[in-house]
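Once you know that position 10 of the sequence shown is 10 in our numbering, the rest is easy, because the numbers rise by one and skip nothing.
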Amino acid sequence: MTPIPANSIFYPLLDQSALHNGLMQPCEVEISPVLTIQILMIQQHDQVHLIENKCGHFGVKLHTGKITPNSITCSVHGFCFDLHTGQPLNREWENCDPIKVFQAYWQADSVGIAVVDNAPLEKNRLETPTQPE
Ligand code: FES
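Below, the structure written as structure tokens:
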């Protein structure tokens, strides 16, 4: 369990008692009066995934998509995204952005996100590998 960073604000999304494998729960978090974030909570193999509920292709909600092991496939055009990294896994010849993957935190009986400077902490900020010269 990852500790909540001291400089962040915890936003609960769901009571832990509602968690179960196969869960696919759309959640909405109002970070500020002008910023609401759509999150999709997925539990698979006893692991909770929090992803942005917005396809990286044309931005439709992903909660109508199909869960496959460690990925979700958008119901509209079939782009598939890795639940751990948010990266598109198929159709590499077409333009598609990765989806955001948020770090899940637990506080009391709730699972939620931690927000710093109006931005939920993401777990898929990938480092660009440096090339040896
Ligand atoms: S809108 Fe999701 S794959 Fe096109």
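Just so it is clear, CB atoms sit at the ideal spot from N, CA and C, and this is done for glycine as well.
- Item | Exercise answer, beta-carbon shell around the ligand FES heavy atoms below 5 Å | Qualifying residues come out as 55, 57, 58, 60, 74, 76, 77, 79.
- Item | Proximity to residue 59 [Cα-Cα], best of 97, 1, 89 | Within the sequence shown, the letter at position 59 stands for residue 59. Residue 59 has its Cα closest to that of 97, out of 97, 1, 89.
- Which of helix, strand or coil DSSP assigns to residue 108: Here residue 108 refers to the residue found at position 108 of the sequence shown. Coil.
- Item | Cut-off 6 Å between Cβ atoms - residues of its own chain near residue 73, not counting five sequence neighbours on either side | Within the sequence shown, the letter at position 73 stands for residue 73. Result list for residue 73: 65, 66, 80, in chain order.
- Message: Which same chain residues end up closer than 6 Å to residue 75 when comparing Cβ atoms and leaving out the 5 residues on each side of it in sequence?
- Response: Along the sequence shown, one-based indexing puts residue 75 at 75. Contacts found: 64, 65.
- Query: Got a sec, what are the start and stop residues for the beta strand (DSSP E) residue 82 sits in?
  - Reply: On the sequence shown, position 82 is the one that residue 82 refers to. Here the beta strand (DSSP E) through residue 82 covers 80-82.
- Item | Nearest-angstrom beta carbon gap, residue 51 and residue 100 [assumed within contact, 8 Å] | As a first step, residue 100 must be located in the sequence shown, where it is residue number 100. As a first step, residue 51 must be located in the sequence shown, where it is residue number 51. Yes, residue 100 and residue 51 are in contact; Cβ-Cβ is about 7 Å, under 8 Å.
- Message: Taking the straight line between their C-alpha atoms, what separation do you get for residue 25 and residue 113?
- Response: As a working mapping, residue 25 is identified with position 25 in the sequence shown. As a working mapping, residue 113 is identified with position 113 in the sequence shown. Between the alpha carbons of residue 25 and residue 113 lies a gap of roughly 14 Å.
- Task: Name, in chain order, the residues that DSSP records as bridge partners for residue 15.
- Result: Against the sequence shown, residue 15 aligns to sequence position 15. The partner list for residue 15 (beta bridge, DSSP) reads 110.
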